Amino acid sequence: FRAATELGMRTVGVYAQEDRHSLHRYKCDESYQLADSITPVGAYLDINNIIGIAKDKNVDAIHPGYGFLSENSNFAKACEENGITFVGPQAKVLRLFGDKTEARKLAI
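Residue numbers are given in UniProt numbering: position 42 of the sequence shown equals residue 42, and the series is strictly consecutive.
So, in structure tokens, the structure goes:
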């Protein structure tokens with residue numbers, strides 16, 4: 001959030017109910033709680049909920065951080081399909097490198 005803020009970008013964050021006191025929630029301009037009816041990991045993996053919040057708040061780009069959705073080709077594809085820039089590899093690249101056999105063929 002710091003780099004985006006220094007560049008004058010408005011930042012929107014999401015958090016699981018269990019992370020309501022986490023630093024990232026207070027470093028962004030706006031923060032929204034993800035569904036609390038599922039586990040924290042489940043909340044961070046809820047692609048439809050995250051995309052819904054992003055669309056509702058007119059978000060134009062998502063930086064997925066690390067872990068959870070950063071290597072998820074379905075999330076990158078959902079961003080692309082909804083006109084949201086995924087800050088990371090394209091969905092097809094994530095899909096390719098998620099398939100170790102195909103990744104080895106490409107490397108050779």
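Ideal placement from N, C-alpha and C gives every residue a C-beta, glycine not left out.
Here the structure is a predicted model, which is why all the values come from computation and not from measurement.
Query, Result
"Can Leu34 and Tyr15 be called in contact, C-beta distance under 8 angstroms?", "yes"
"Does the Cβ of Ser22 have 16 or more other Cβ atoms within 10 Å, making it buried, or fewer, making it exposed?", "exposed"
"For the putative contact between Ile51 and Asn74, defined by C-beta atoms under 8 angstroms, what is the C-beta separation to the nearest angstrom?", "So it is not a contact: roughly 11 angstroms between Cβ atoms."
"What does DSSP give as the partner residues of Thr85 in its beta bridges?", "Ala61"
"Applying the criterion that 16 or more other CB atoms from any shown protein chain within 10 Å of the CB defines a buried residue, is Val12 buried or exposed?", "buried"
"Residue ranges of each alpha helix (DSSP H) run of no fewer than 4 residues wholly in the stretch 23 to 62, ordered along the chain?", "23 to 27, 40 to 44, 47 to 56"
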